[in-house]
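Numbering (full-length UniProt numbering), first residue to last: 1 to 311.
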């Protein structure tokens, strides 16, 4: 069993996060049964990651020594923040939400320390996965309504500022520097997540969101969504790696933000129908990719389990 948890990659948290977000999306779309079923799956995946920490702490510490792994580790507290909104009626839920948010902030400081210590600011060493840590704090904005809207608003502004600062650096890294290792290529798809995450956070944290901000974030997020779809099409044939988890959350949060922005846009009947079709297309693609990556992860872990049982 220990071998199984040693082989369970921390980036698997990205899949748990995507599935948790899908659960919220289905609930928003009045698909309560699907929302509940998907949420249960996410809880199971999260528990596996927590057990990994308990059973193989040395393995976790060793993995977190890598700035790439450290940068995607915040998907775990992000998942907790999303899942705990399902239990917001319980007093302890707010405490858990605050602890998860504090853990995410801890990851921000830890990764920042690694970046400074290892001199990772050079163009060749910047990673798209930094978005997860710095802009991912925006999940605090998405989930703040039942807990603390002031904290949520601050999370949004921090996420937006980090997005504005990091975007040109990461685009420069991807499209001018090149030489990205093949195992890291799927992380490029994370580009689709920050704009949509900021948009979703803005819509949830503010009672009266302004239309210009909504449109700006929506346009930016959809541009990078399209680029991501093109990128995934060219990478799906690559050998499977834990970085494939990077395919999942960006697609789910893009569909979610697109759907959540719909009530704020004054669209005529034709445009409204077109918009709804776009939401359906994006959500279908998101579900398909999440299922694909989850199945590949399960197959990978089944091999690890077989090895464990044979010992």
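Glycine included, each C-beta is placed from N, C-alpha and C at the ideal position.
Checking 9 Å against the spacing of the C-beta atoms, do residue i and residue j come in under that value?
| i | j | result |
| --- | --- | --- |
| residue 98 | residue 133 | no |
| residue 232 | residue 249 | no |
| residue 187 | residue 257 | no |
| residue 294 | residue 15 | yes |
| residue 245 | residue 18 | yes |
| residue 267 | residue 227 | no |
Do you know how far the Cα of residue j is from the Cα of residue i?
| i | j | result |
| --- | --- | --- |
| residue 239 | residue 289 | 16 Å |
| residue 300 | residue 68 | 21 Å |
| residue 7 | residue 215 | 43 Å |
| residue 93 | residue 79 | 14 Å |
| residue 135 | residue 129 | 10 Å |
| residue 139 | residue 81 | 7 Å |
| residue 74 | residue 63 | 13 Å |
| residue 194 | residue 220 | 10 Å |
| residue 131 | residue 91 | 31 Å |
| residue 235 | residue 189 | 10 Å |
| residue 217 | residue 274 | 19 Å |
| residue 225 | residue 4 | 34 Å |
| residue 222 | residue 118 | 34 Å |
| residue 168 | residue 259 | 27 Å |
| residue 253 | residue 291 | 15 Å |
| residue 213 | residue 306 | 51 Å |
| residue 145 | residue 27 | 16 Å |
| residue 164 | residue 287 | 29 Å |
Kindly examine the ligand SAM and report whether one of its heavy atoms sits closer than 8 Å to the Cβ of residue i.
| i | result |
| --- | --- |
| residue 266 | As far as ligands go, the structure on display features none, and thus does not contain the ligand SAM. |
Practice task
Starting from the N-terminal side, write out each stretch of the alpha helix (DSSP H) that is 4 residues or longer and does not extend beyond the stretch 84-156.
Solution key: 91-118, 130-134 and 139-142
Problem - Continuous beta strand (DSSP E) assignments of at least 3 residues falling wholly in the stretch 177-230 - result: none
Problem - Whole runs of the alpha helix (DSSP H) within the stretch 16-77, excluding any shorter than 4 residues - result: 32-55, 57-64 and 67-72
Exercise for the section: Taking 8 Å as the threshold, find out whether the stretch 37-44 comes into contact with the stretch 153-164 through three or more Cβ pairs. Expected result: no
Exercise for the section: Please confirm if the stretch 201-216 is in contact with the stretch 143-152, defined as three or more CB-CB distances below 8 Å between the two stretches. Expected result: yes
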